[in-house]
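Structure first, then comments.
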Amino acid sequence: MLRQINMDKINPAKSTENKQAFYRELLTILKQKSLDQDKINSLKNKLCKKYGIKSPPTNIQLLLEADEKDLSKLKHLQTKPTRSISGVSVAAIMSAPYACPKQAQCIYCPGGPKSQFGNVPKSYTGHEPSTMRGIRNNYDSYLQVFNRLEQYVVLGHNFDKVELIVMGGTFTSFAKKYQEQFITYAFKAMNDFSKLFFAKNNFDIIKFREFFELPGKVGDKQRTENIHEKLLRFKGKTTLAKEKERNQASFIKCVGITLETRSDCAKLDEANFMLELGCTRVEIGVQSVYDDVLKYVRRGNSTADNIEAIRILKDIGFKLNYHYMPGLPKTTKEMDLAGMKQLFTNSDYKPDMLKIYPCMVFKGTELYQLWQRGKFIPLTTKEAAQLIANFKPFVARYCRIMRVQRDIPTKMRDGGVDRTNLRQYVDEFNPVCHCIRCREVGHVYN
Numbered sequence: 070m071l072r073q074i075n076m077d078k079i080n081p082a083k084s085t086e087n088k089q090a091f092y093r094e095l096l097t098i099l100k101q102k103s104l105d106q107d108k109i110n111s112l113k114n115k116l117c118k119k120y121g122i123k124s125p126p127t128n129i130q131l132l133l134e135a136d137e138k139d140l141s142k143l144k145h146l147q148t149k150p151t152r153s154i155s156g157v158s159v160a161a162i163m164s165a166p167y168a169c170p171k172q173a174q175c176i177y178c179p180g181g182p183k184s185q186f187g188n189v190p191k192s193y194t195g196h197e198p199s200t201m202r203g204i205r206n207n208y209d210s211y212l213q214v215f216n217r218l219e220q221y222v223v224l225g226h227n228f229d230k231v232e233l234i235v236m237g238g239t240f241t242s243f244a245k246k247y248q249e250q251f252i253t254y255a256f257k258a259m260n261d262f263s264k265l266f267f268a269k270n271n272f273d274i275i276k277f278r279e280f281f282e283l284p285g286k287v288g289d290k291q292r293t294e295n296i297h298e299k300l301l302r303f304k305g306k307t308t309l310a311k312e313k314e315r316n317q318a319s320f321i322k323c324v325g326i327t328l329e330t331r332s333d334c335a336k337l338d339e340a341n342f343m344l345e346l347g348c349t350r351v352e353i354g355v356q357s358v359y360d361d362v363l364k365y366v367r368r369g370n371s372t373a374d375n376i377e378a379i380r381i382l383k384d385i386g387f388k389l390n391y392h393y394m395p396g397l398p399k400t401t402k403e404m405d406l407a408g409m410k411q412l413f414t415n416s417d418y419k420p421d422m423l424k425i426y427p428c429m430v431f432k433g434t435e436l437y438q439l440w441q442r443g444k445f446i447p448l449t450t451k452e453a454a455q456l457i458a459n460f461k462p463f464v465a466r467y468c469r470i471m472r473v474q475r476d477i478p479t480k481m482r483d484g485g486v487d488r489t490n491l492r493q494y495v496d497e498f499n500p501v502c503h504c505i506r507c508r509e510v511g512h513v514y515n
């Protein structure tokens, strides 16, 4: 059984008090003594044990906690940022809410313009972290990337190499002008952030604090408006070619771009345009290997469309991440397992990466109506976990299982998987898996 956390034993007030005392003592010592980095690290570890702090803060986090009047005494903490060996920070940004192409009327898909959840991107509810960031930043790619980079600084994460992931519907079905501008200003945000806050690769924490009005309260609308006003003055007009060239010398480099699409919107013309935009990986909604299932859920494409798009995208050189949806209407658990196995036994498929999204029921969809009438029964958490565990031994070593469920709060769903930690439920079955993720350092090799 999964371990249950006793929330009564957690004292948020005590935790906050300890954290404040930790920073107070650490910063007092650092103001008085100019220590080298090894001694600073030792001091951090010593005080972490004293105050029960889980992990030591970065130097940047220390500077964000310090009083402004003390920053001049703490200049020795402004170390030159170091590039990680292989770490890449993800900036997931949301495109504006647009309806899907006419042929795509999937009966299971929530969200979209004027949906049950308001004006949100298709297949989202407005309550996911990336969607909320998109809403907060008016779905502006420039503002969203700046916001994400700000968060990385505050959290003390490395962000010199960024992979841009564009979410929110079938991106390649949008107007080409919109696609180009969206990517252009995502590039520009990385370039402008580098120019604003880095000088000779040294991070200007004082300028950063002033610009983002830190420390500040999360959800402070006035602060958000102030930051947006400043950023929009920098945004200006530019071109994709110019920003790509700038990025080559930028401290923050875009090392990959992922775009989401459907197979009927990922043929040669769309694939070539994705290449122009700088795309390196494509997430494609395969959903099922059964034509009768795709037809029943009104997916708007066929297995032949999927196979053709996969061939084109692979020939061009894109890495491919498939979305597969077990538990759809007209399937059985046996069919789902056979279908997922086929992704690796049929040479027409063979994904580099895979996201498994057990079918869930959401208000405002046709599937919700079928479910209410008893015409559809979704997979339970246990059934989905068992199915995925049974499938894992058949995943090829060259593939990485990226996700095993949607990043949608389960409180938003009405039927289907009702836990956000489905992967842990899968692990309870002790499946043998040789995918790249399961063989990474830090994961147990089965």
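Under my numbering, think of the first position of the sequence shown as 70, with each following residue one higher. Backbone N, C-alpha and C fix where the C-beta goes; we use that ideal spot for every residue, glycine too.
Handout entry: Test item: CB-CB of I457 and R506 under 8 Å
Key = no
Exercise for the section: Going by CA-CA distance only, name the one from M422, D496, D417, R472 that's closest to G454. Expected result: Checking the sequence, you will find Ala at residue 454 rather than Gly. Considering only alpha carbons, the answer is D496.
Problem - As assigned by DSSP and simplified to three states, the class of C178 - result: coil
Exercise for the section: Determine the direct distance from the alpha carbon of K451 to that of Y494, and round the result to whole angstroms. Expected result: 7 Å
Practice task
Give a yes or no on whether the C-beta atoms belonging to V324 and K264 are separated by under 8 Å.
Solution key: no
Practice task
Give every residue of the same chain whose Cβ lies closer than 6 Å to the Cβ of K191, excluding the five residues on either side of it in the sequence, and list them in chain order.
Solution key: C169, G180, G181, G238
Problem - K322 to A258 span [Cα, whole Å] - result: 11 Å
Handout entry: alpha helix (DSSP H) runs contained entirely in the stretch 394-478, provided each spans 4 or more residues
Key = 402-414, 435-441, 450-460
Handout entry: First and last residue of the uninterrupted alpha helix (DSSP H) at E249
Key = 245-266
Problem - Classification of Q356 by the beta-carbon crowding that lies within 10 angstroms, buried from 16 upward - result: buried
Problem - Other residues of its chain near H226: CB distance less than 7 Å, five sequence neighbours each side excluded - result: S158
Problem - Start-to-end residues for the alpha helix (DSSP H) that takes in A310 - result: 309-317
Handout entry: Which of helix, strand or coil DSSP assigns to A161
Key = strand
Problem - Exposure label - P166; buried when at least 16 CB within 10 Å - result: buried
Practice task
With E294 as the anchor, note down where its alpha helix (DSSP H) starts and where it stops.
Solution key: 290-304
Problem - Sufficient close CB pairs (3 or more, under 8 Å) joining the stretch 194-206 to the stretch 385-395 - result: no
Practice task
Look at the Cβ atom of Q332, then the Cβ atom of D374, and state whether they are nearer than 8 Å.
Solution key: Sequence inspection shows Ser at residue 332; the Gln mentioned does not correspond to that position. For S332 and D374, yes; Cβs fall inside 8 Å.
Handout entry: Heavy atom of the ligand FAD within 7 Å of D384 beta-carbon
Key = Here there are no bound small molecules, and the ligand FAD is not part of this structure.
Exercise for the section: Check whether the stretch 123-143 touches the stretch 268-281, taking contact to mean three or more Cβ pairs, one atom from each stretch, closer than 8 Å. Expected result: yes
Problem - Closest Cα partner of A310 within the set F303, F267, Y254, G408 - result: Y254
Exercise for the section: Report yes if the CB atom of V351 is closer than 8 Å to the CB atom of L382, and no otherwise. Expected result: yes
Problem - Cα-Cα separation between Q441 and F303, rounded to whole angstroms - result: 51 Å
Problem - Inter-residue spacing [alpha-carbon to alpha-carbon] between I122 and V222 - result: 20 Å
Exercise for the section: Please name the residue in V214, M163, A173 whose C-alpha comes closest to that of V189. Expected result: M163
Exercise for the section: Return the Cβ separation of P427 and P395 in integer angstroms, given the expectation that the two are a contact with Cβ distance under 8 Å. Expected result: 6 Å
Handout entry: Cut-off 7 Å between Cβ atoms - residues of its own chain near L212, not counting five sequence neighbours on either side
Key = N206, H297, L300
Problem - I446 versus R93: straight-line alpha-carbon distance, rounded - result: 56 Å
Problem - Exposed unless 16 or more other CB atoms sit within 10 angstroms - verdict on T241 - result: buried
Practice task
If I'm right that P56 touches Y365 with Cβ under 8 Å, what's the distance once you round it to whole angstroms?
Solution key: In the structure displayed, the chain extends from 70 to 515; residue 56 sits before or after that span and is not available.
Problem - Among F342, I129, M409, the one whose alpha carbon lies nearest that of F272 - result: I129
Exercise for the section: Could you have a look at N341 and say whether DSSP puts it in helix, strand or coil? Expected result: helix
Problem - Which residues DSSP lists as bridging R368, in chain order - result: In DSSP, R368 forms no bridge with anything.
Problem - Integer Cβ distance of K336 from A378, believed to fall under 8 Å - result: 6 Å
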